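Novice: I'd like to ask you about the structure that follows.
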Amino acid sequence: MTIHKFAIADAPLERSPGQVGDIFVGNVLDQRHGGPVTIGFGRYGPSQILEETMAVHDTMVILEGKITVADDQGSVTAGPGEVIAMQKGDKVTIRSHEDGAVTAYVTYPHWQEPDA
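Residue numbers for the sequence shown follow UniProt numbering, beginning at 1 and rising by one.
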């Protein structure tokens, strides 16, 4: 079957690579499934900050809470039902607010190594 449906309960949430904060991600569809994109979920604890240079194009859909993403051009804040798109090479600071956040994401290309 090529049609898939996922819930956050399907995602094997793990601490975001290289991070020590309360930020977890879990892929539900990635290179192991043969597709060109990675799809997954993220969970951010309250008031977490992640500074990152984007290694991939990342589209984040906010499901719960609020996320603010800032770069040298300014910042945007998104809440449930809104989308933040970050491009490969962008230097960003991602911040969750006091209630934390739950997100869904799509990246291109895959952000993990093939054997991960």
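Ideal Cβ positions, reconstructed from N, Cα and C, are used throughout, including at glycine.
None of the values given here were measured: they were computed from a predicted structure.
On the three-state DSSP scale, how would you describe HIS4?
Specialist: Indexing the sequence shown from 1 puts residue 4 at position 4. Residue state, collapsed to three classes: coil.
Novice: Inspect the beta-carbon positions of VAL92 and ALA70 and report whether they are closer than 8 angstroms.
Specialist: Taking the first residue of the sequence shown as position 1, residue 92 is located at position 92. Taking the first residue of the sequence shown as position 1, residue 70 is located at position 70. Taking a C-beta distance under 8 angstroms as the contact criterion, VAL92 and ALA70 qualify as a contact pair.
Novice: How is the beta strand (DSSP E) around HIS57 delimited, first residue to last?
Specialist: Sequence index remark: in the sequence shown, residue 57 carries index 57 (1-based). Unbroken beta strand (DSSP E) run through HIS57: 57-71.
Novice: Would you kindly report the start and end of the unbroken beta strand (DSSP E) that includes residue 118?
Specialist: Past the boundaries of the shown model lies residue 118; the chain is included only from 1 to 116, so the question cannot be answered.
Novice: Comparing C-alpha positions only, which one of TRP111, GLY79 and GLY89 sits nearest to GLY100?
Specialist: Counting from one through the sequence shown, the residue named residue 100 turns up at place 100. When each option's Cα is compared against that of GLY100, the closest is GLY79.
Novice: When DSSP builds the beta bridges, which residues end up paired with GLY40?
Specialist: Working through the sequence shown from its first residue, we reach residue 40 at position 40. When DSSP reads this structure, GLY40 sits in a beta bridge with ASN27 and TYR105.
Novice: Using DSSP's beta-bridge definition, name the partner residues of GLU52.
Specialist: Counted from its first residue, the sequence shown places residue 52 at position 52. According to DSSP, which records beta bridges pairwise, GLU52 is partnered with VAL92.
Novice: Return the bridge partner residues of VAL83 from the DSSP annotation.
Specialist: Indexing the sequence shown from 1 puts residue 83 at position 83. Beta-bridge pairing links VAL83 to VAL61.
Novice: When burial is assigned at 16 or more other CB atoms within 10 Å of the CB, is SER47 buried or exposed?
Specialist: Residue 47 sits at position 47 when you count from the first residue of the sequence shown. With fewer than 16 other Cβ atoms within 10 Å, it is exposed.
Novice: Does the structure place the segment 1-17 close enough to the segment 38-52 that three or more beta carbon pairs sit under 8 angstroms?
Specialist: yes
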